[in-house]
Every structure is written in structure tokens, then in C-alpha cells.
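Student: One point on numbering: in my numbering, the residue at position 113 of the sequence shown is 455, and numbering is uninterrupted. Where is the CB? At the ideal position from N, CA and C, for every residue including glycine. I have a structure I would like to understand better, so I am pasting it below and will then ask my questions one at a time.
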Amino acid sequence: MTRVLNAGRKAPLSGDTRSIVVFLHGYGANGADLLGLADPLAEHLPDTLFVAPDAPEDCDGAPMGYQWFPIPWIDGSSEEEAERGMMAAVEDLNAFLDALMVDEDVLPEQVVLFGFSQGTMMSLHVAPRREDAVAGVVGFSGRLLRPDLLQDETVSRMPVLLVHGDQDDVVPIQSMPEAAEALQGAEFKDVYAHVMKGTAHGIDPDGLGVALAFMRDVLSL
């Protein structure tokens, strides 16, 4: 049985939902951590509903935060616990996305997944395995989990934008070309990468601007 994800929302400026951006936060954070990005984005995406769920598990490493799954080298969990947690979170996120699209009466091609760090890992794992392709995936400062399985398990392909800071000391920037190579190897046609110069583990205005242009493009705005 899936767990219900609590989510913050920012309604479209126009009052009319024609697309949805789903923010998926990083380890130890919460949905509100990314929902603030809706403010600078909304004027350029006036018909877009922004939604930011909290991950399903409390995070031992951050008492006020949440995690999509445990991370062994941070919290001392086992690899088995991490794998089990990830697969449970995948089911939770899929159920959340299914319900969201029904409730808001939008199609998958009107939805963008926007991940940061562990949220990027979730986005890059979930989106290719869904039956119907979402409009696109934006992945900041993350990596692709189990790249060896991607080719065989990919069901749908969508444009992907990978963005990473060249000073990231949490998730090495090498994770970006590794993910891009695996996606291209799995026949994803539209894979883009952008390096945020002088940026650590975060999102800078330059990277957000690139993400905005990508989202407007994949949503045909």
C-alpha cells in the first residue's frame, strides 16, 4: 500500500491550470524548500500549477526534514534498506503523480518533473519507467541510479535537462556526464546538460534560467 505524500502548492497566476511542475526535493529537506522557486518561474509559466510533495519518510539526518530513501554513507543504513526504501518511494511517487493528473485533469505531456539532488535521482528513475511520457525532466545536482538497468527497463522517453554546479562537493559533477551517457545509450534523443560555474550543491539563477527555457520548450509555450 502506498503512502500519501503531503504537498505544498502554488496556483497558476492565470487561474487556469494547463501544465504542472512537480518539485522533488533533496535528502533532509522538504517540499517547501523548492516551492519558493515557483515565484520567479510563475510569471513566465502563468498557466502552470507548481506542486512540491514532502518525501514519504522522516530523515534521521535532518530532524525537520524528509527523505525519499535512506543513504547508507550518511545515516548508517544498509544497502538493502536503501534499495527497499527507494522502491517504496517509487510506488508512492507514481501514485501521487497518477492522482495529481486525474485531480487536475492534465495529461502526462503537460507535466514536468523538477528534481534536486535525491529528488533528481527519483525523477530520473521514475519518469522513464512510467507508461506515458511526461513532458520532460529537469535534474539539478543529482545522479542516475542503477544506470545498468535503464536500457532494459525504459518504457517511455522524454527530454531531459541535467544541471550541476562545478564546485559540488556533495554529488560530484562527474555524475552529470555519466547520467547523460546512460540516457543517450538508452536511446533518449533529447538530453541536455548545463554546468553552473562556481556553484556548489545548489541552484543558481543561471541554472534556473536554463531550466525555465527548457520547461517552456517542452511544454510548447
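Along the chain, where does the beta strand (DSSP E) that runs through Q409 open and close?
Tutor: A404 to Q409
Student: Alpha carbon to alpha carbon, how far is V533 from G484?
Tutor: 15 angstroms
Student: Quick check on the DSSP output: the alpha helix (DSSP H) that includes V468 runs from which residue to which?
Tutor: Going by DSSP, V468 is part of the alpha helix (DSSP H) stretching over Q460 to V468.
Student: By alpha-carbon positions, which one of Q460, A553, A441 and L347 ends up nearest to L487?
Tutor: Q460
Student: Let's see if you can read the secondary structure: which residues bound the beta strand (DSSP E) around G481?
Tutor: Residues G478 to F482.
Student: Hey, quick one: how far does the beta strand (DSSP E) through E399 stretch, first residue to last?
Tutor: E399 to C401
Student: Thinking C-alpha only, which one of L554, E385 and D490 is nearest L504?
Tutor: The option with the nearest alpha carbon to L504 is L554.
Student: Could you spell out the range, first to last residue, of the alpha helix (DSSP H) harbouring G370?
Tutor: Taken as a continuous stretch (DSSP letters only), G370 belongs to no alpha helix (DSSP H), as it is neither H nor E.
Student: Would you say Q452 and A430 are within 8 angstroms of each other, going by their C-beta atoms?
Tutor: no
Student: Check whether the stretch 533-551 touches the stretch 507-516, taking contact to mean three or more Cβ pairs, one atom from each stretch, closer than 8 angstroms.
Tutor: yes
Student: Taking the CB atoms as reference points, tell me whether H367 and L376 lie closer together than 8 angstroms.
Tutor: Taking 8 angstroms as the Cβ cut-off, H367 and L376 qualify as a contacting pair.
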